[in-house]
Amino acid sequence: MPSLGEKMQDIYDEVLWRNPGEQEFHQAVHEVLDSLGPVMAKHPSYTDAAVVTRLCEPERQIIFRVPWVDDAGTVRINRGFRVEFNSALGPYKGGLRFHPSVYLGVVKFLGFEQIFKNALTGMPIGGGKGGSDFDPKGRSDAEVMRFCQSFMTELYRHIGEYTDVPAGDIGVGGREIGYLFGQYKRITNRYESGILTGKGHSFGGSQVRTEATGYGVVFFVDEMLHANGDSFDGKRVVVSGSGNVARYAIEKVHALGGTVVACSDSTGYVVDEKGIDLALLNEVKEVRRGTLAEYAGLRGADARLATSGNVWQVPCDIALPSATQNELDAEDATVLARNGCRILAEGANMPVTPDAVKLLTTAGVAFAPGKAANAGGVATSALEMQQNASRDSWSFEHTERRLGEIMRGIHDRCLETAEEYGVPGNYSAGANIAGFIQVADAMLALGVI
Ligand code: NDP
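Heads up, the sequence shown is in our numbering, so the first residue is 11 and it goes up one at a time.
Below, the structure written as C-alpha cells:
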C-alpha cells in the first residue's frame, strides 16, 4: 500500500498491528484514511479526540458457534459473526453474508465501509455487519432453514430495533431472512418487525427493498451522466454477478434505455448482445438456483457462455461490478479503459482493487465507490424501519421516489464535498470525507465512549 501522511500512517500501522492477517479490513481502512488528510488539517478537534483511531476499532465483535444437522443426519459446525462497529448515528445496521470466504477480516471490512455508507444516506443508522462461513449452495431448503434457526438462536440476544438491525447480503436473500425472522419470533415470543430488514411483504417488508441496491446504483450513475449532459440512452453496460444487486441493476438499466450486454456468476459469464433476458435470468437464479450455463442453454443462439477470461473483456460504456470484493484488478481496468468504458460504479462492496481504481482514474474513467453508489439498499432498509416503527406500509411508487431522492442527495453531497476539499470530481474522496465528518461530529458530541 502507498504510504499515507504521517498522522494517518501511524493510525494505519496500529490497525495493522491490532488486526493481523485481515487483509480486506486493512484495505478498506487504508482507502478511507487516504482521503482524510485535508479534513484533519481543517478540524484539529478530530485528532485531539482520537476520532479516527476510535473509528477503526469496532465497538463490539461477536463470534459464535453455529451447530446444525444436515439432511443425512451429520452434525455440521459453522462460525457466526456480528461486528457492531459504530453506533454514533443510530443502531448498528448492515447485512449478513453467508459464504465460505467469510471470516473476521471480511466482516470487519464490510462493517467499516458500512459506517460511512450509512452516514451518507443521511438516515439515523450506525454501522455493523455479520455472517457466517456457511455455504448455502447445494443445500436443501430444510438445511438452510435449520442453519438459519441455529444462527438466530445465538444472534437474537444481540439484536433489536434500538440495538442492531441486520439485513441480507451475499447468500442471504428473502428465504433466509424469513427463516431468521421466524426463529427470532419463536424464541422471543415477540413480533418485532424492526429487528431485521429485507423482510417479505407478507411480514413487514418494504416495497422496493429487494430492488433497492441495484436500482440505486443505476440512479447514481444516471446522476453522473446527467452531470455531464448525458443519459443511459443507447449505452452498453456490463454487470458482474447475477445475484440480487446485479439483477435489479440490469432491470433499471433497461428501463432507462441502456442495454446490459453481459453478466457473470461464480462459474463464468454470458454475453447477450440483444440484452440480458431478465425474466429468464430470474427464473434460473431465483427459482432453479442454477448457473449461467443453464441461462445460455435456455436462451439459445442469442447468448454466448464463456468460462475462460472474465466479463470485463466485453466492451462497454459503463461497468457495474456487482459480485464481490476485489473482483476487478489492474489488468481488468486497463482492458475496460482501452475498450472505451467511461463510467464505473461499484454495485458490490470494494469490488475494485486499489491499483485498478488508480488506473481508471488516470485513464479518465469516472469512478463511483460502493459506499456511495450502492447505499440505496441500506437506505431503503432504513425506510423499512421507518414503516415498521409507524406500523405503516408505503406504495412501490412512493418508496422508489424516496430512493431516487436519497441517491440524488448522496451523489450531490459527494461532488460538493470533493469540491470543498480541493479534489473536484473525485467521488471517492467526496464520499469518504462527507461520511467521516457526519460520524466524527456525532462522536465528538457524545464524548469519549
Ligand atoms: P447475491 O448472493 O445475491 O449475488 C452474488 C453474485 O455474485 C452471484 O451471482 C454470485 O455467483 C457472485 N459471486 C459471489 N461471490 C463470488 C466470487 N467469489 N466470485 C465470483 N462471483 C461471485 O449477493 P448480492 O447481490 O446481495 O451482493 C453482491 C455484492 O453487493 C456484495 O459485495 C454485497 O456486499 C454488495 N451489496 C449488497 C447489498 C444488498 O442489498 N444485497 C447492499 C449493498 C451492497 P453465483 O450466482 O454463482 O453464486
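Where is the CB? At the ideal position from N, CA and C, for every residue including glycine.
{"Query": "Check: Val-367 C-beta below 7 angstroms from any heavy atom of ligand 1", "Result": "no"}
{"Query": "Validate contact between the segment 405-416 and the segment 272-283 using beta carbons, cut 8 angstroms, 3 pairs", "Result": "no"}
{"Query": "Continuous alpha helix (DSSP H) assignments of at least 4 residues falling wholly in the segment 146-187", "Result": "151-165"}
{"Query": "At least three beta-carbon pairs within less than 8 angstroms, the segment 283-290 to the segment 303-311", "Result": "yes"}
{"Query": "Tyr-102, DSSP secondary structure in three states", "Result": "strand"}
{"Query": "Beta-carbon spacing of Leu-65, Ile-125 below 8 angstroms", "Result": "yes"}
{"Query": "C-beta atoms of Asp-144 and Val-76 nearer than 8 angstroms", "Result": "The amino acid at residue 144 is misidentified as Asp; the sequence shows Phe. Contact flag set, yes."}
{"Query": "Under the three-state DSSP convention, the category Trp-78 falls into", "Result": "strand"}
{"Query": "Of the listed residues Gly-31, Tyr-225 and Ser-241, nearest to Val-249 (C-alpha basis)", "Result": "Tyr-225"}
{"Query": "Cβ-heavy atom distance, Ala-152 to ligand 1, below 7 angstroms", "Result": "no"}
{"Query": "Beta-carbon proximity of His-236 to Gly-181, cut-off 8 angstroms", "Result": "no"}
{"Query": "Tyr-279 - containing beta strand (DSSP E), residue span", "Result": "278-282"}
{"Query": "Phe-91 and Ser-142 closer than 8 angstroms at C-beta", "Result": "yes"}
{"Query": "For Arg-219, three-class secondary structure by DSSP", "Result": "helix"}
{"Query": "Expected contact under 8 angstroms - CB spacing of Gly-386 and Phe-229 to nearest Å", "Result": "7 angstroms"}
{"Query": "Proximity of Gly-138 and Asp-174 at Cβ, strictly below 8 angstroms", "Result": "yes"}
{"Query": "Close beta carbons around Glu-356, own chain, < 7 angstroms, minus the five adjacent residues each side", "Result": "Pro-331, Val-362, Ala-378, Pro-379, Gly-380, Ala-383 and Asn-384"}
{"Query": "Selected residue, minimal CA-CA separation from Trp-322, among Glu-341, Thr-334 and Ala-313", "Result": "Glu-341"}
{"Query": "Residues near Met-50 in its chain [Cβ-Cβ closer than 7 angstroms; skip 5 each side]", "Result": "Lys-17, Tyr-56 and Thr-57"}
{"Query": "Any non-hydrogen atom of ligand 1 closer than 7 angstroms to Gly-121 Cβ", "Result": "no"}
{"Query": "Check: Val-255 C-beta below 7 angstroms from any heavy atom of ligand 1", "Result": "yes"}
{"Query": "Same chain, Cβ closer than 8 angstroms to Ile-73, five either side skipped, listed in chain order", "Result": "Arg-89, Gly-90, Phe-91 and Leu-114"}
{"Query": "The segment 183-190 / the segment 143-158 touching (three or more Cβ pairs under 8 angstroms)", "Result": "yes"}
{"Query": "Residue environment, Pro-101, which counts as buried when at least 16 other CB atoms sit within 10 Å", "Result": "buried"}
{"Query": "Under 8 angstroms between C-beta atoms of Leu-106 and Ile-135", "Result": "no"}
{"Query": "Proximity below 8 angstroms, CB of Arg-257 to CB of Ser-391", "Result": "no"}
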